[in-house]
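K.L.:
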Amino acid sequence: MSVTSRSAATAVHPTPQGQAAIPTSDGALLAMRRVLLRTRAVVQCVGLSRSQIYSLASEGKFPRPIKHASNLSCWASDEIQAWIDARVAERDAALTATPSERQGGRGHD
16 MSVTSRSAAT AVHPTPQGQA AIPTSDGALL AMRRVLLRTR AVVQCVGLSR
66 SQIYSLASEG KFPRPIKHAS NLSCWASDEI QAWIDARVAE RDAALTATPS
116 ERQGGRGHD
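Positions in the sequence shown are counted from 1; adding 15 to them yields the numbering used here.
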């Protein structure tokens with residue numbers, strides 16, 4: 016498979032250590048601890064729409080964007096990864112909860 020678009024050629028790739036990596040001109044991956052992600056990349060990463068992302072951010076339920084230019088917002092990749100990890104942890108906690116914990120602590124008396 017060949018890379019034909021500029022956006023695909025400059026895509027951010029995850030590494031096994033959870034760091035971000037960007038491809039260099041020789042095809043190697045340059046590891047980075049934190050990169051700024053544009054809105055389109057965040058939409059693809061989290062599966063939410065642009066408007067849902069901004070709404071959740073304004074409610075304090077999603078990382079706030081970083082104004083990179085007057086009309087350009089970006090997000091820190093580590094903050095997005097932490098938000099995803101928290102959703103996975105919430106899911107896993109719900110799966111391991113006892114039936115009474117799933118019902119808000121109420122038992123069947």
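No residue lacks a Cβ here, since even glycine has one placed at the ideal position from N, Cα and C.
For Val57, which residues in the same chain have their Cβ closer than 7 Å to its Cβ, ignoring the five residues on either side in sequence?
P.N.:
Excluding sequence neighbours, Val57 sits near Ile68, Trp90, Ile95.
K.L.:
In angstroms, rounded to a whole number, what distance separates the CA positions of Asp100 and Ser40?
P.N.:
Cα-Cα distance, rounded: 31 Å.
K.L.:
Give the C-beta separation of Ile81 and Ser92 to the nearest angstrom, bearing in mind that I take them to be a contact with Cβ-Cβ under 8 Å.
P.N.:
Wrong, their Cβ atoms sit about 11 Å apart, outside the cutoff.
K.L.:
Would you report the Cα separation of Asp111 and Val103, rounded to the nearest angstrom?
P.N.:
The sequence shown places Thr at residue 111, rather than the Asp named in the question. Each residue's alpha carbon lies about 12 Å from the other.
K.L.:
With DSSP run on the structure shown, which of helix, strand or coil describes Ala112?
P.N.:
It is coil, neither helix nor strand.
K.L.:
Find out if the Cβ-Cβ distance for the pair His83, Leu51 is shorter than 8 Å.
P.N.:
Yes, the Cβ-Cβ distance between His83 and Leu51 is below 8 Å.
K.L.:
Along the alpha helix (DSSP H) that carries Leu71, what are the first and last residues, could you check?
P.N.:
Segment 65-73, the alpha helix (DSSP H) holding Leu71.
K.L.:
Compute the beta-carbon to beta-carbon distance between Ala72 and Arg79, rounded to the nearest angstrom, for a pair I have assumed lies under 8 Å.
P.N.:
Contact holds; Cβ gap of about 5 Å.
K.L.:
Using the C-alpha atoms, what's the distance from Lys76 back to Arg106?
P.N.:
When rounded, the distance between both Cα atoms is 16 Å.
K.L.:
In this structure, does DSSP put Ser92 in helix, strand or coil?
P.N.:
Helix at Ser92.
K.L.:
Could you give the distance in angstroms between the alpha-carbon of Arg55 and the alpha-carbon of Val61?
P.N.:
Looking at the two C-alpha atoms, the distance is approximately 10 Å.
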